[in-house]
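The opening position of the sequence shown corresponds to residue 1 in full-length UniProt numbering, with each subsequent residue numbered one higher. Note that beta-carbon positions come from the ideal geometry of N, C-alpha and C, so glycine has one too.
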Amino acid sequence: MLDMVIEQRRRSLGGFEVGRVLPFAKRRMVGPFVFFDHIGPVDFPPGIPRDVDVRPHPHIGLSTITYLFDGEMMHRDSVGSEQAIRPGEVNWMTAGRGITHSERFEQARAHGGPMHGIQSWVALPRADEETDPAFDHYDAGGLPAFDEAGVRGRLVAGNAFGLTSPVRTHSPLFYLHCELDTGATFALPDAHRERAAYVVRGAVEAGHERCGVGHMLVFTPGRPATVTATEPTLLMVLGGEPVGERFIEWNFVSSSKERIEQAKADWRAGRMKLPDLDNGEFIPLPGDPEHTPANPMS
1 MLDMVIEQRR RSLGGFEVGR VLPFAKRRMV GPFVFFDHIG PVDFPPGIPR
51 DVDVRPHPHI GLSTITYLFD GEMMHRDSVG SEQAIRPGEV NWMTAGRGIT
101 HSERFEQARA HGGPMHGIQS WVALPRADEE TDPAFDHYDA GGLPAFDEAG
151 VRGRLVAGNA FGLTSPVRTH SPLFYLHCEL DTGATFALPD AHRERAAYVV
201 RGAVEAGHER CGVGHMLVFT PGRPATVTAT EPTLLMVLGG EPVGERFIEW
251 NFVSSSKERI EQAKADWRAG RMKLPDLDNG EFIPLPGDPE HTPANPMS
């Protein structure tokens, strides 16, 4: 049974748009998923300026999951990682007590091309909010796949349908990439309390509701949850067990407002190390003036 439908809110990041879905005023989280952005789709021309890139910035208390359908993005972080992500691969970055990273569109700058994907954040359980920061990359071929009755997909993270993803997580969840033929019906996994499906391409019906691109369908806990594709459709399906209330400010997520204030102070004072291979600039705390990158530790 459908509980609510959330429509993306488009916003510009300076060179491309994203569709913000979570957090939403009436639905802050789905399981541990506390943030969900639809990147693009956009077709970059060759020679895009560097200010389209996402400069180094900090996170605490979460894991970020970057998953692309088209294009390429270069990730660099403060634990020494440098990793391009391409369609179907998974970049899973655990911030824990603090990490910084950048996201650069170097391939598109050189050659032009599409950019389309999803970036989501998963709140860490309270016991793991201060864990050591880490970064893991997983090739598309290592993700479990399924194909049945007009539905094809792969398990990006967690557990579903008897499958287990190799992606290292900190709490019970599932995250699926699903492609549906016209008329195919898909039943969401029922092992976790909170579940949702986001329409990346195409359209689905759930009950008497028809939802197209940019809509997230959130389902009632403990009730059957199914969608039927009315045309060829791409869904990202997600959910898991709640981890409790979380506060979000800028790029910081925590169960404690005081911890967020500490993170803000640490970033402002330069106590958070910049990415090893990208330490020449950074994004200041919102409201702070632009200044030289001499403050954050390089």
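Inset, instruction - May I ask you to list the residues that DSSP assigns as paired with Glu179? - result: Paired residues: Arg152, Leu234.
Legend entry - Ala84: first and last residue of the uninterrupted beta strand (DSSP E) it sits in: Residues 82–85.
Legend entry - Span of the beta strand (DSSP E) around Ala191: Neither: Ala191 is in no beta strand (DSSP E) and is coded neither H nor E.
Inset, instruction - Might you give, ordered along the chain, the residues of its own chain that have their beta carbon closer than 6 Å to the beta carbon of Arg195, omitting 5 neighbours on each side? - result: Excluding sequence positions up to five before and after Arg195, its CB lies within less than 6 Å of the CB of Leu188, Phe219, Ala225, Gly239, all in the same chain and listed in chain order.
Inset, instruction - Give the DSSP bridge partners of Phe174, in chain order. - result: Beta bridge pairing from DSSP links Phe174 with Gly158, Gly239.
Inset, instruction - Count the other CB atoms, across all protein chains shown, that sit within 10 Å of the CB of Val204; report buried if there are 16 or more and exposed otherwise. - result: Buried, because 16 or more other Cβ atoms sit within 10 Å of the Cβ of Val204.
Inset, instruction - Pick helix, strand or coil for Gly212, following the three-state DSSP scheme. - result: Here Gly212 sits in strand by DSSP.
Inset, instruction - For Pro275, count neighbouring C-beta atoms within 10 Å of its own C-beta (all shown protein chains included) and say buried if the count is 16 or more, exposed if not. - result: Buried.
Legend entry - Integer-rounded CB distance, given that Leu68 should sit under 8 Å from Pro87: That belief holds up - the Cβ atoms of Pro87 and Leu68 are roughly 5 Å apart, short of 8 Å.
Inset, instruction - Indicate the three-state DSSP secondary structure (helix, strand or coil) for Ala203 in the structure shown. - result: The answer is strand: DSSP assigns Ala203 an E or B state.
Inset, instruction - Would you identify the three-state DSSP class for Ala225, choosing helix, strand or coil? - result: In this structure, Ala225 counts as coil in the three-state DSSP scheme.
Legend entry - Segments of 3+ residues assigned as beta strand (DSSP E) that fall wholly inside the region 11–42: Runs of the beta strand (DSSP E) inside the region 11–42: 17–22.
Inset, instruction - Sort Phe252, Leu234, Val167 by Cα distance to Ala123 and report the nearest one. - result: Nearest C-alpha to Ala123: Phe252.
Legend entry - Endpoints, beta strand (DSSP E) assigned at Trp250: Run containing Trp250: none; DSSP gives neither H nor E here.
Inset, instruction - Taking Gln262 as the reference, give the member of Gly112, Gly98, Ala229, Ser81 with the closest Cα. - result: If we check each option's Cα against that of Gln262, Gly98 comes out closest.
Legend entry - His137 and Asn91 closer than 8 Å at C-beta: Yes; because the gap between Cβ atoms is below 8 Å, this pair is in contact.
Inset, instruction - For Ala265, name the three-state secondary structure that DSSP assigns. - result: DSSP places Ala265 within a helical segment (H, G or I) once states are collapsed to three.
Inset, instruction - Starting from Glu7, follow the beta strand (DSSP E) in both directions and report where the run begins and ends. - result: Note, Glu7: beta strand (DSSP E), 2–7.
Inset, instruction - Within 10 angstroms of the Cβ of Met1, are there 16 or more other Cβ atoms? Answer buried if so, exposed if not. - result: Exposed: under 16 other Cβ atoms inside 10 Å.
Legend entry - Among Glu89, Pro41, Thr100, Gln83, the one whose alpha carbon lies nearest that of Asn279: Comparing Cα positions, the closest option is Thr100.
Inset, instruction - Measure the beta-carbon distance from Ala95 to Gly61 and round it to whole angstroms, keeping in mind my assumption that it falls under 8 Å. - result: Contact flag correct, Cβ pair sits at about 6 Å.
Legend entry - the region 204–214 / the region 165–174 touching (three or more Cβ pairs under 8 Å): When Cβ pairs closer than 8 Å are counted between the two stretches, the region 204–214 is seen not to touch the region 165–174, the count staying below three.
Legend entry - Paired residues, beta bridge with Thr100 - DSSP: As a beta-bridge residue in DSSP terms, Thr100 pairs with Pro58.
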